[in-house]
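Since the structure comes first, as structure tokens, the remarks are kept for the end.
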Amino acid sequence: MDIWKEAPPVAEEPRAPLGRIVRLFGAYRARLALVGAFILLSSLVSLASPFLLREVLDTAIPARDAGLLALLALGMIAVAVTTTVFDVLQTLVSTTVGQRVMHDLRVAVYSHLQRMSLAFFTRTKTGEVQSRIANDIGGMQAVVTSTTASLVSSLTTVIATFAAMMALDWRLTMISLALMPFFVWISRKVGSERKRITSERQRKLATIATMVQESLSISGILLGRTMGRSSELTERFGRASHELADLGVRTSMAGRWRQSSVQFVMAAMPAAIYWAVGHTGAISVGTLVAFTTLQTGMFRPLVQLLRLGVEVQTSLALFGRIFEYLDLPVDIHPGTRRLEDVRGEVRFENVDFSYGDAPTLEGIDLTVPAGGSLAVVGETGSGKTTLSYLLPRLYDVTGGRVTIDGVDVRELTFETLSETVGVVSQETYLFHASIADNLRFARPSATDEELEAAARAAHIHDHIAALPDGYDTLVGERGYRFSGGEKQRLAIARTILRDPRVLVLDEATSALDTQTERAVQEALDTLARGRTTITIAHRLSTVRDADQIVVLDHGRIVERGTHDELLAAGGHYAALVSRDDPQLSPA
């Protein structure tokens with residue numbers, strides 16, 4: 001089975017309406033108007049050169065007028081200098097606008113994904129998300145920063161040149177433009193082909209990004225080597241890279257013969273004009289040279305327009321993929337209320353929750369008094385961890401409500417909720433940064449003294465102080481320079497800095513050996529002191545002193561009481577204790 005199999009293409013690629021793309025530039029209308037002004041002025045000024053050339057050939061040279069010839073030559077130089085200045089200015093402004101639009105898109109996608117529930121990230125590969133932000137938006141960069149300005153510039157040049165050619169000779173102009181519909185048709189055909197190939201290429205890029213992210217992480221390297229699959233992983237990556245290279249060739253060659261035929265016809269058109277004039281002798285040599293100069297000058301932006309049309313159609317596939325993410329419905333919306341003087345009473349009131357059709361939690365009614373402790377136990381898959389997700393709103397309930405001090409958590413701002421509820425889970429995540437930076441992620445304004453106090457409370461300060469770089473020590477990718485227990489204590493120190501009134505401990509010691517668990521449990525006891533604490537328990541020895549213990553079975557509460565009460569009842573809890581921690585069973 002290919003674990004990195006790319007998602008199958010949808011029947012219809014995501015659409016990117018041009019109107020929506022245009023709206024991305026709405027905040028930069030003034031700068032775009034300036035770009036348009038520079039383009040228009042440059043195009044108009046450049047049109048003077050053929051007319052100056054006609055005067056040189058038809059008037060100044062035949063009359064041997066040195067003064068007029070010098071004046072016309074200076075005029076041609078002035079035209080070149082002026083158009084160069086305008087081109088540089090419009091490139092500067094248009095590139096700045098394009099980069100700002102790219103920045104806006106990146107931030108919009110990142111911000112939108114930050115608001116998604118945990119469900120989105122459990123079903124989407126990290127590499128896919130990274131590819132959308134890096135490869136897809138990066139692929140649009142050329143279109144947004146330079147192609148748009150080139151499109152306007154070429155269009156303006158074609159229109160202005162057409163008007164000048166009509167002024168010189170309308171009959172020759174009609175001959176020059178007779179094949180235009182054919183050129184446009186070819187451009188549209190090539191654009192459609194490029195768009196399809198680009199969608200396929202971006203999916204392949206996402207697959208490769210996932211391969212790199214998963215197999216070249218520390219966990220991936222360890223798994224690949226210990227399973228003896230490093231060579232196979234390299235071969236899979238090679239095959240995917242080869243397919244991507246083939247797609248690159250197909251992208252470059254798509255419609256190449258069609259476009260070459262267009263360029264051939266355009267190159268041959270001046271010869272046709274010379275032949276026609278040579279048989280009729282209807283215009284002067286100066287006019288003929290000026291006309292063919294204009295014709296050549298128009299064909300160049302015309303070819304550019306056709307090429308840019310292909311690029312724009314290609315970019316629509318990329319815009320469509322980005323808009324697909326921006327259009328994902330946000331199922332967790334922030335509230336507007338803040339809590340003042342938080343006491344920390346937590347209630348689950350007839351709570352239901354489901355990941356799909358089958359219910360995961362049903363009819364959960366719980367009350368944890370301010371400063372009290374609740375332990376949740378049960379078999380694997382009973383819904384314990386899901387219950388812990390509902391209080392910090394990693395998911396929202398599908399029925400009932402969860403409250404803190406009587407206020408539904410859905411009414412609270414995310415800032416208030418994160419300040420009120422602290423979570424320490426079995427999966428401890430540390431950034432590839434210093435210990436100090438990881439701790440300050442909880443509270444950026446924390447002083448060195450506060451960092452040390454939190455580390456002492458988490459029983460990790462002595463270990464940090466013994467390191468050569470102390471709190472400036474890099475923790476490594478995902479904290480792999482530290483043991484599981486050390487990472488857990490760093491996570492606890494981080495939560496102590498946050499100083500929440502409500503604490504959720506999700507099997508925080510289940511993966512640790514007995515000695516390490518004891519050290520971490522001491523840190524957890526320090527952290528939980530004076531706080532409302534909900535503990536999701538795997539090892540029952542950690543919850544015997546809880547004020548209240550509830551037993552979940554298939555998403556329902558089947559027992560509740562203290563440790564001694566539940567043992568005496570001889571039900572589910574007693575069976576769990578007898579199996580997992582026999583020393584806790586009654587004699």
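Letter 205 of the sequence shown, counting from 1, is numbered 205 in the UniProt record's numbering, and no numbers are missing. Note that the Cβ used here is the ideal one computed from N, Cα and C, for glycine as well.
Sorted by chain position, which residues of the same chain lie with C-beta nearer than 8 Å to Glu42's C-beta, five sequence neighbours on each side aside? Here residue 42 refers to the residue found at position 42 when the sequence shown is read from its first residue. Per the sequence shown, the amino acid found at residue 42 is Ser instead of Glu. Correct list, in chain order: Thr82, Thr83, Phe86, Asp87, Gln90 and Ser153.
Local Cβ density within 10 Å of Gln548, reported as buried at 16 or more and exposed below that: On the sequence shown, position 548 is the one that residue 548 refers to. Gln548 is buried by the Cβ-count criterion.
By Cβ distance below 7 Å, which residues in the same chain neighbour Leu40 in space, the five residues on each side in sequence not counted? Residue 40 sits at position 40 when you count from the first residue of the sequence shown. Correct list, in chain order: Thr156.
What did DSSP end up calling Arg556 once you bin it into helix, strand or coil? Numbered from its first residue, the sequence shown carries residue 556 at position 556. Looking at Arg556 - three-state DSSP - the assignment turns out to be strand.
C-alpha gap between Arg236 and Met211, whole angstroms: As a working mapping, residue 236 is identified with position 236 in the sequence shown. As a working mapping, residue 211 is identified with position 211 in the sequence shown. Their backbone Cα atoms lie some 9 Å apart in a straight line.
Beta-carbon within less than 6 Å of Thr173's beta-carbon, same chain only, minus the 5 sequence neighbours each way: which residues are those? Numbered from 1 along the sequence shown, position 173 holds the residue referred to as residue 173. Excluding positions up to five away in sequence, the list reads Met165 and Met166.
Bridge partners for Ile133 per DSSP, in chain order? Numbered from 1 along the sequence shown, position 133 holds the residue referred to as residue 133. BP columns for Ile133 are empty, so no partner.
Where Ser131 falls, given that 16 or more other Cβ within 10 Å makes a residue buried: Residue 131 sits at position 131 when you count from the first residue of the sequence shown. Ser131 is buried by the Cβ-count criterion.
Reference Gly26, options Asp104, Ala37 and Asp553, closest by Cα: Along the sequence shown, read from residue 1 onward, the residue named residue 26 stands at position 26. The shortest Cα separation from Gly26 among Asp104, Ala37 and Asp553 belongs to Asp104.
Is there contact between the segment 561-577 and the segment 385-405, where contact requires at least three CB pairs shorter than 8 Å? no
Rounded to whole angstroms, what's the CA-CA distance from Tyr389 to Tyr395? Just pull it up for me. As a first step, residue 389 is located in the sequence shown; it is residue number 389 there, counting from the start. As a first step, residue 395 is located in the sequence shown; it is residue number 395 there, counting from the start. So the alpha carbons of these two residues sit roughly 6 Å apart.
Do Ala453 and Leu490 have their C-beta atoms closer together than 9 Å? The residue labelled residue 453 in the question sits at position 453 within the sequence shown. The residue labelled residue 490 in the question sits at position 490 within the sequence shown. No, the Cβ-Cβ distance between Ala453 and Leu490 is not below 9 Å.
Since I believe Leu497 is in contact with Tyr471 (beta carbons under 8 Å), could you give me their beta-carbon distance rounded to a whole number of angstroms? As a first step, residue 471 must be located in the sequence shown, where it is residue number 471. As a first step, residue 497 must be located in the sequence shown, where it is residue number 497. Tyr471 to Leu497, Cβ: 13 Å. No contact.
Just the C-alpha distance for Gly530 and Gly371, rounded to the nearest angstrom, thanks. Numbered from its first residue, the sequence shown carries residue 530 at position 530. Numbered from its first residue, the sequence shown carries residue 371 at position 371. Going by the C-alpha atoms only, they are around 5 Å apart.
In the DSSP assignment, find the unbroken alpha helix (DSSP H) run with Thr84 in it and report its ends. Residue numbering aside, residue 84 sits at position 84 when the sequence shown is read from its first letter. Run containing Thr84: Ala66 to Gln114, per the alpha helix (DSSP H) assignment.
Just the Cα atoms here: how many angstroms apart are Val543 and Ala575? Here residue 543 refers to the residue found at position 543 when the sequence shown is read from its first residue. Here residue 575 refers to the residue found at position 575 when the sequence shown is read from its first residue. Rounded to the nearest angstrom, the two C-alpha atoms are 15 Å apart.
Among residues of its own chain, excluding the 5 on either side of Thr413, which ones have a beta-carbon nearer than 8 Å to its beta-carbon? Walking along the sequence shown from the start, residue 413 turns up at place 413. For Thr413, where only same-chain residues beyond five positions count, the Cβ hits under 8 Å are Pro334, Gly335, Thr336, Arg337 and Arg338.
Under a three-way DSSP split, which group does Leu576 fall into? Translated into positions along the sequence shown, residue 576 becomes position 576. DSSP places Leu576 in helix when its eight states are reduced to three.
So, with DSSP's three-state summary, where would you put Glu13? Counted from its first residue, the sequence shown places residue 13 at position 13. Residue placement at Glu13 is flagged as unreliable, the pLDDT there being 48, under the threshold of 50; a coordinate-derived value is accordingly withheld.
Can you give, in chain order, each stretch of the beta strand (DSSP E) that sits fully within the segment 410-489 and has at least 3 residues? 421-425
From the DSSP output, which residues share a beta bridge with Leu316? In the sequence shown, the residue the question calls residue 316 occupies position 316. BP columns for Leu316 are empty, so no partner.
With three or more C-beta pairs closer than 8 Å as the rule, is the segment 286-293 touching the segment 50-59? yes
Could you check which residue in Thr234, Val424 and Leu430 has the C-alpha nearest to that of Val502? Looking up residue 502 in the sequence shown gives position 502. It is Val424.
Let me know the secondary structure DSSP gives Thr495 once reduced to three states. Reading the sequence shown from its first residue, position 495 is the one you call residue 495. Note: Thr495 maps to helix in three-state DSSP.
In angstroms with no decimal places, state the Cα-to-Cα distance between Ser94 and Leu374. Residue numbering aside, residue 94 sits at position 94 when the sequence shown is read from its first letter. Residue numbering aside, residue 374 sits at position 374 when the sequence shown is read from its first letter. Approximately 60 Å between the Cα atoms of the pair.
What did DSSP end up calling Pro8 once you bin it into helix, strand or coil? One-based indexing of the sequence shown puts residue 8 at position 8. With a pLDDT of 49 at Pro8, under the threshold of 50, the modelled position of that residue is not reliable, and the figure given next carries that caveat. Of the three classes helix, strand and coil, the one that applies to Pro8 here is coil, per DSSP.
Of the choices Val504, Ile404, Tyr325 and Ala433, whose alpha-carbon is the least far from that of Leu527? Residue numbering aside, residue 527 sits at position 527 when the sequence shown is read from its first letter. Leu527 has its Cα closest to that of Val504, out of Val504, Ile404, Tyr325 and Ala433.
Pick from Gly561, Glu486 and Gly555 that is closest to Leu361, judged by C-alpha positions: The residue labelled residue 361 in the question sits at position 361 within the sequence shown. Nearest option by C-alpha distance: Gly555.
For Glu12, count neighbouring Cβ atoms within 10 angstroms of its own Cβ and tell me buried if that reaches 16, exposed if not. Here residue 12 refers to the residue found at position 12 of the sequence shown. Annotation note: pLDDT 47 at Glu12 (below 50); position unreliable, coordinate value reported separately. With fewer than 16 Cβ atoms within 10 Å of its Cβ, Glu12 is classed as exposed.
Return helix, strand or coil for Glu200, following the three-state DSSP convention. Within the sequence shown, residue 200 is the residue found at index 200, counting from 1. Helix at Glu200.
Opening and closing residue of the alpha helix (DSSP H) in which Pro50 lies: Looking up residue 50 in the sequence shown gives position 50. It spans Ala48 to Glu55 - the alpha helix (DSSP H) in which Pro50 sits, taken as one unbroken run.
Alpha carbon to alpha carbon, how far is Leu540 from Thr122? Give it in angstroms, no decimals. Stepping through the sequence shown from its first residue, residue 122 is reached at position 122. Stepping through the sequence shown from its first residue, residue 540 is reached at position 540. One C-alpha to the other measures close to 28 Å.
So, for Glu243: in the same chain, excluding its five sequence neighbours on each side, which residues have a beta-carbon less than 7 Å away from its beta-carbon? As a first step, residue 243 is located in the sequence shown; it is residue number 243 there, counting from the start. Excluding positions up to five away in sequence, the list reads Lys204.
For Leu72 versus Ala60, is the C-beta spacing smaller than 9 Å? As a first step, residue 72 must be located in the sequence shown, where it is residue number 72. As a first step, residue 60 must be located in the sequence shown, where it is residue number 60. Yes.
Sub-9 Å separation of residue 603 and Leu47 beta-carbons: This structure leaves residue 603 out entirely; the chain is present only between 1 and 587.
Rank Glu419, Gly422 and Arg393 by C-alpha distance to the C-alpha of Asp408 and give the top, closest one. On the sequence shown, position 408 is the one that residue 408 refers to. Comparing Cα positions, the closest option is Arg393.
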